[in-house]
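Residue numbers (UniProt numbering): 1 to 61.
Glycine included, C-beta positions come from ideal geometry on N, C-alpha and C.
The model shown is predicted, which means the values in this text are computed figures rather than measured ones.
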């Protein structure tokens, strides 16, 4: 199955960036992929690190 690529709905998207910004700044950021591990293994942005959303949810993301 293919990943869900619908636009993200959120109350405050100030912590999110667009694809163009990410492409230009990928070498300067850490990118977390919090999708299920099988989805991560099926494909992810090069350099992305897998973690579960539970690992980072305590930080107020």
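- Under DSSP, the beta-bridge partners assigned to residue 32 are 49.
- In the three-state scheme derived from DSSP, where H, G and I count as helix and E and B as strand, residue 18 is classed as coil.
- Excluding five sequence positions before and after residue 51, the CB atoms of its chain that fall closer than 8 Å to its own CB belong to 32, 33, 34, given in chain order.
- Here residue 26 is not near residue 43, since their CB atoms are 8 Å or more apart.
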